[in-house]
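To start, the structure itself, in structure tokens.
Residue numbers (mature numbering (1 follows the signal peptide of the UniProt record, and there is no 0)): -21 to -1, 1 to 303.
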């Protein structure tokens, strides 16, 4: 018998309710042992990292006498390495994608805290998501898990077309942001068995206006992805602008071996001088099962800023992830 000890905040239903619900407990443990050299912080060390490991509950419950279903999820980051997921507060758990919503033929309406559509598009291209220095968040904006967000997601029509629209109230972040939709996110995508094309736009999300477009396809055993993006500070005249681009590839050498590579550049216009960040990463995955993978990778980010000393942050190591 398995005994699960979870924080009270993720116990979403009583025993009577669970009997009528499709509820599942899930998680992902992702750890890597690696040497990391951060010239930007003048540190070099070996370390064990918990790469966004998580546990959660998710489920759905039909609403009696309707064609509607309640959906819900409560997900928390855990630190497999240190036991402290939130370094600022010292808490064992750190909230991730958590929401409640209504689903039906009309689409899905959800509210809570969760990844924006813009961030989700990035995951389609980023081959080193969640990994130290390899994640695209190291060179570009747009990787946001937005609090206080309400989103509508349409059903898929016309053989692959769908869209999302989301709003986020400012809730007094400053004197001018207390409206119903100070921040918003829109996305549209068209997906077939051969390719995915999508574009998303953030307005005043994490203080940035961001437009991101992606294209992914499979050519034989090779998965290819391209991402282009522009971002600038929201509400600012002649504000700093960041232009980014990323290409990635994954070669499915066998049904177990996957070889991966990606290269990205982010250029930002700063008052003090232009800044350019260049990212390169190589890696290999070996699938022991559908739920278990061992991997190795190396990544680096070069930071060149006008009038400042250039730095290179790099890492190399191996790890394992298991989904349950």
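Ideal Cβ placement from N, Cα and C applies to all residues, glycine included.
Treat the numbers as computed from the prediction; the structure is a model and nothing was measured.
Continuous beta strand (DSSP E) stretch holding residue 104: start and end: It is not in any beta strand (DSSP E) - residue 104 instead sits in the alpha helix (DSSP H) that spans 96 to 104.
Identified DSSP bridge partners for residue 124: 94
Cβ shell of residue 279 (< 8 Å), same chain only, five flanking positions each side left out: 112, 258, 259, 260, 291, 292, 293 and 294
Contact test: residue 150 Cβ vs the ligand SAM heavy atom, cutoff 6 Å: No copy of the ligand SAM appears in this structure; indeed no ligand is present at all.
Rounded straight-line distance, which links the Cα of residue 88 to that of residue 128: 11 Å
CB contact flag (residue 160, residue 178, <7 Å): no
Limits of the unbroken beta strand (DSSP E) element including residue 226: 220 to 231
Straight-line Cα distance separating residue 116 from residue 10: 19 Å
Nearest-angstrom beta carbon gap, residue 79 and residue 96 [assumed within contact, 8 Å]: The Cβ separation is near 18 Å, so there is no contact.
Whether residue 118 touches residue 35 by CB criterion (7 Å): no
Simplified DSSP state of residue 44, which is helix, strand or coil: coil
Residue closest to residue 172, alpha-carbon to alpha-carbon, out of 185, 195, 158 and 130: 195
Endpoints, the beta strand (DSSP E) within which residue 84 is located: Note, residue 84: premise wrong, no beta strand (DSSP E); not H, not E.
Neighbour-count burial assignment, residue 126, 16 or more Cβ in a 10 Å radius: exposed
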